[in-house]
Amino acid sequence: MFDQKEDAFTRRPEARKITATQEEQMNNKQQSHPKKISAKLFCLTGAAAIFLMAPVSLLAGETPSLQEKVNINIQQACPSIAGLAADNKEVKEFTHALHAEKYLKGKSGFSAIPYTDDFTCAACHQGAKTAEEISGADKCERLTASIGAGGGAAEYKKQMHAVCMDCHKNMAKAGEKSGPSKCNECHGK
20 MFDQKEDAFT RRPEARKITA TQEEQMNNKQ QSHPKKISAK LFCLTGAAAI
70 FLMAPVSLLA GETPSLQEKV NINIQQACPS IAGLAADNKE VKEFTHALHA
120 EKYLKGKSGF SAIPYTDDFT CAACHQGAKT AEEISGADKC ERLTASIGAG
170 GGAAEYKKQM HAVCMDCHKN MAKAGEKSGP SKCNECHGK
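Residue numbers (the numbering used here): 20 to 208.
Pasting the structure below:
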């Protein structure tokens, strides 16, 4: 037969002949090939750079990370907000992340403030529509907006007690495990 190393080109001399048009097409492919690689490499490098620079939480579609515990003594934190009642009883260890990520999920029916499980932040941050509105602004500006949406500084203490205590009391009445509803349970002695 034929040597196994032979291929179609060595067995058939007519197969080795290429036309001028075919040769020109092959040359054009070889010349454009490096450009295609450069364009693909550029796009891939750009995409990789964007991916590596973006925070993981944004890529996953999550809200920005939440502080575990926060001090919710607003007058002390933002004395520039006029009309707030004095912070006579502190609440330094409010479990912010647990409320937003666990406690509020599926409990909107107990709350005085409407919110959804997709955006539990609205239960306390009245008027906020996105997490960026809350985390993007200056703390005192955010609080001023939230206090304004809840009826103003004069109503803030009543508003916060309603937000927390009404939800806790309504859950307890329904036989659900709940948070504190008495003064010293939240504020200490």
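We treat Cβ as the ideally placed atom computed from N, Cα and C, and that holds for glycine.
Report the option in the options whose CA atom is closest to the CA atom of residue i.
| i | options | result |
| --- | --- | --- |
| Cys143 | Ser99, Ser127 and Gly102 | Ser127 |
| Lys88 | Val182, Gln95, Ala119 and Ser197 | Ala119 |
| Lys196 | Ile100, Ala105, Gly102 and Leu123 | Leu123 |
| His115 | Ile91, Glu204 and Ile100 | Ile91 |
| Phe113 | Gly169, Ile93, Arg161 and Ser130 | Ile93 |
| His187 | Thr163, Gly146 and Lys201 | Lys201 |
| Gln86 | Asp106, Val110, Ser154 and Ala105 | Ser154 |
| His206 | Ala191, Val110, Gln95 and Ser165 | Val110 |
| Met184 | Ala105, Ala104 and Asn203 | Asn203 |
What is the residue span of the alpha helix (DSSP H) that residue i lies within?
| i | result |
| --- | --- |
| Glu204 | Cys202 to His206 |
| Thr163 | Lys158 to Ala168 |
| Lys176 | Tyr175 to His180 |
| Lys188 | Cys186 to Lys192 |
| Met95 | Correcting the residue type first, residue 95 is Gln in the shown sequence and not Met. Ile93 to Ala96 is the span of the alpha helix (DSSP H), which, as asked, contains Gln95. |
| Ile153 | Ala150 to Gly155 |
Can you grab the Cα-Cα spacing for the pair residue i / residue j, in whole Å?
| i | j | result |
| --- | --- | --- |
| His12 | Lys121 | Within the shown structure, residues of the chain are numbered from 20 to 208, placing residue 12 beyond reach of any answer. |
| Glu151 | Cys97 | 20 Å |
| Gly198 | Pro133 | 19 Å |
| Ala141 | Lys148 | 7 Å |
| Phe129 | Ser99 | 33 Å |
| Ile166 | Leu117 | 22 Å |
| Ala164 | Ala105 | 19 Å |
| His174 | Asn107 | One point to set straight first is that residue 174 is Glu, not His, in the sequence displayed. One C-alpha to the other measures close to 16 Å. |
| Cys159 | Gln95 | 11 Å |
| Ser182 | Lys176 | Per the sequence presented here, residue 182 reads as Val, with Ser not at that position. Cα-Cα distance, rounded: 10 Å. |
Are the CB atoms of residue i and residue j nearer to each other than 7 Å?
| i | j | result |
| --- | --- | --- |
| Gly102 | Ala172 | yes |
| Ala168 | Gly146 | yes |
Pull up the CB-CB distance for residue i and residue j, whole angstroms please, since I reckon it's below 8 Å.
| i | j | result |
| --- | --- | --- |
| Asp136 | Gly125 | 6 Å |
Within 6 Å: the Cβ of residue i and any heavy atom of the ligand ZN?
| i | result |
| --- | --- |
| Ala150 | Summarising the ligand content, the structure contains no ligands, and the ligand ZN is consequently not present. |
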